[in-house]
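Residue numbers (the working numbering), protein chains in the order written: chain A, 1 to 206; chain B, 1001 to 1206.
Even for Gly, the Cβ is constructed at its ideal location relative to N, Cα and C.
Note that this is a predicted model, so its numbers are computed, not measured.
The structure appears below as structure tokens.
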């Protein structure tokens, strides 16, 4: 299988959302031109992204919205209920627990972790806060595969190392620091202040 | 001036953080190799990114950490205090108000907006929640240049349109939808669930 770029995968997620909106509106077929137009990209890009995964749609007839969404769901692994954990129940962490889009897309918070004795043992939105010391047991018992890390910057690498030792291979990291991981482990970074800096760069260079 | 890619700008933000950490540790000079190693990229990439903006450092001597951080701060527009507004004071919005990294990098929340009559007029972290109807007045009086949008997906386009009419040109959008904007306006998207889908794709294709 060819190496697919992160950008292609990101656009598949976007197409998935576009198709969901169209299906909600009872639209049964859609062309690559229409998908492209909704997302401000070219139709050649849409066709290229999809071509990595097979032949979808019929020439001249476009794509069946439900079939294409279904195919993309398979590609992205969205047909499964993913059990995820949250490390760090501060402001950002607590907000994420209540972020409905995660659940809509099949990502369910199953365990919370923190190192603050005042938080450990309490419940947030019906989920118990566990000690970082209990990571391996809780991860195994709950079959957790993805961990969202919302701990202070200086602790992020150490916390992620603990989860890696317990077998976790996929992380979404909100700490603004580059994390080093062994091969076979993927960390995606959610760099909110870096996005803001792209805006200040844009406004400054004008 | 050449068109600089978003990836280059994102890496400059990362180098800025690397240099800040080194300066905290009293490190006075650093090589492109060292910056590269900390961030899991090649030193050729570091040199190429910096070369777009001039000649920094001395051949064989590396970069002075404070000078280079200062240059990058100028490029990214980080020497100025940016006044930012938040549209939507739900879970995510409230968490962002307390996200310290924004302030550290020079982005200061100055106004909050919501359309919920129960929230309008209240204060959160010392900032008054204004009605979306008052956007133009509040934006102008407070010289706000960047707006963070954390409203429900279906409202995002309409809310951003209101701010654009009042002269705002830069947005950080947390709603999971592609926003259409006229030329001269930049929207950066914070797609948290799309990043999670990149992880589920990664775990699925294994």
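Selection from the options that minimises the alpha carbon distance to residue i
| i | options | result |
| --- | --- | --- |
| residue 172 of chain A | A:48, A:189, A:74 and A:182 | A:189 |
| residue 1112 of chain B | B:1126, B:1106, B:1037 and B:1199 | B:1126 |
| residue 1084 of chain B | B:1185, B:1108 and B:1200 | B:1108 |
| residue 146 of chain A | A:154, A:183, A:10 and A:166 | A:166 |
| residue 36 of chain A | A:200, A:15, A:169 and A:52 | A:15 |
| residue 1008 of chain B | B:1174, B:1123, B:1098 and B:1076 | B:1076 |
| residue 1184 of chain B | B:1174, B:1168 and B:1194 | B:1168 |
| residue 1039 of chain B | A:180, A:98, A:163 and A:129 | A:180 |
| residue 1073 of chain B | B:1013, B:1139 and B:1142 | B:1013 |
| residue 1199 of chain B | A:199, A:124, A:187 and A:48 | A:187 |
| residue 4 of chain A | A:52, A:32 and A:34 | A:52 |
| residue 205 of chain A | B:1170, B:1203 and B:1204 | B:1170 |
| residue 161 of chain A | A:33, A:6 and A:87 | A:87 |
| residue 138 of chain A | A:163, A:100 and A:31 | A:163 |
| residue 1196 of chain B | A:48, A:103, A:58 and A:54 | A:103 |
| residue 101 of chain A | A:6, A:17, A:10 and A:201 | A:17 |
For residue i, the first and last residue of its enclosing alpha helix (DSSP H)
| i | result |
| --- | --- |
| residue 23 of chain A | 6 to 24 |
| residue 1164 of chain B | 1153 to 1165 |
| residue 139 of chain A | 135 to 141 |
| residue 1070 of chain B | 1065 to 1076 |
| residue 102 of chain A | 100 to 104 |
| residue 1046 of chain B | 1043 to 1051 |
| residue 1034 of chain B | 1032 to 1038 |
| residue 93 of chain A | 91 to 97 |
Beta-carbon proximity list for residue i, same chain, < 8 Å, skipping 5 on both sides
| i | result |
| --- | --- |
| residue 1056 of chain B | 1050, 1063, 1067, 1068 and 1071 |
| residue 1193 of chain B | 1176 |
| residue 1081 of chain B | 1106 and 1108 |
| residue 20 of chain A | 69 |
| residue 156 of chain A | 149, 173, 175, 177 and 179 |
| residue 207 of chain A | Examination of residue 207 of chain A is not possible in this model, given that chain A is present from 1 through 206 alone. |
| residue 121 of chain A | 128 and 129 |
| residue 1182 of chain B | 1164 |
Contact set for residue i: own chain, Cβ-Cβ below 7 Å, skip 5 residues either direction
| i | result |
| --- | --- |
| residue 105 of chain A | 78 |
| residue 1029 of chain B | 1061, 1062, 1063, 1064 and 1065 |
| residue 1089 of chain B | 1112, 1114, 1119, 1124 and 1129 |
| residue 1033 of chain B | 1043 |
| residue 1143 of chain B | 1083 |
Same chain, Cβ closer than 6 Å to residue i, neighbours up to 5 away in sequence not counted
| i | result |
| --- | --- |
| residue 1115 of chain B | 1132 |
| residue 174 of chain A | 92, 150 and 190 |
| residue 136 of chain A | 166 |
| residue 1031 of chain B | 1062 |
| residue 11 of chain A | 49 |
Opening and closing residue of the beta strand (DSSP E) in which residue i lies
| i | result |
| --- | --- |
| residue 131 of chain A | 127 to 131 |
| residue 1084 of chain B | 1082 to 1087 |
| residue 186 of chain A | 186 to 189 |
| residue 114 of chain A | 107 to 114 |
| residue 170 of chain A | 170 to 173 |
| residue 1146 of chain B | 1146 to 1149 |
Chain-ordered neighbours of residue i on chain C, where CB pairs are closer than 9 Å
| i | result |
| --- | --- |
| residue 77 of chain A | The structure shown contains no chain C; the protein chains it does contain are A and B. |
Using Cβ-Cβ distances below 7 Å, what residues of the region 1004 to 1031 of chain B are close to chain A? Of all residues in the region 1004 to 1031 of chain B, only 1006, 1009, 1010, 1013, 1014 and 1017 place a beta-carbon less than 7 Å from a beta-carbon of chain A.
With contact counted as at least three CB pairs below 8 Å, one residue from each stretch, are the region 75 to 94 of chain A and the region 148 to 164 of chain A in contact? Yes, they touch.
Would you check if there are 3 or more beta carbon pairs closer than 8 Å linking the region 1022 to 1030 of chain B to the region 1041 to 1056 of chain B? The region 1022 to 1030 of chain B is not in contact with the region 1041 to 1056 of chain B.
Against chain A: residues of the region 1185 to 1201 of chain B by CB proximity under 7 Å: Under the 7 Å Cβ criterion, the region 1185 to 1201 of chain B contributes 1186, 1188, 1190, 1192, 1193, 1194, 1195, 1196, 1197, 1198, 1199, 1200 and 1201.
Where the region 1169 to 1182 of chain B meets chain A: residues whose CB sits under 8 Å from a CB there: If you check each beta-carbon in the region 1169 to 1182 of chain B against every beta-carbon of chain A, the ones closer than 8 Å belong to 1169, 1170, 1171, 1172, 1176, 1177, 1178 and 1180.
For the region 1030 to 1058 of chain B, which residues have a CB atom closer than 8 Å to at least one CB atom of chain A, in sequence order? Result list: 1038, 1039 and 1040.
When Cβ atoms are compared, which residues of the region 96 to 110 of chain A fall closer than 7 Å to chain B? Within the region 96 to 110 of chain A, those residues whose Cβ lies closer than 7 Å to any Cβ of chain B are, in chain order, 98, 99, 101, 102, 105 and 107.
Interface residues of the region 1115 to 1128 of chain B facing chain A [CB-CB below 8 Å]: Taking 8 Å as the upper bound on Cβ-Cβ separation, chain A lies near no residue of the region 1115 to 1128 of chain B.
According to a CB-to-CB cut-off of less than 9 Å, which residues of the region 57 to 72 of chain A neighbour chain B? Listed by position along the chain: nothing, the set is empty.
Chain B contacts made by the region 145 to 159 of chain A, where a contact means CB separation under 7 Å: So the list reads 145 and 146, given in the order they occur along the chain.
Please identify, using Cβ separations under 9 Å, the residues of the region 84 to 95 of chain A that lie next to chain B, in order along the chain. Shown in chain order are the members of the region 84 to 95 of chain A whose Cβ falls below 9 Å from a Cβ of chain B: 84, 90, 91, 92, 93, 94 and 95.
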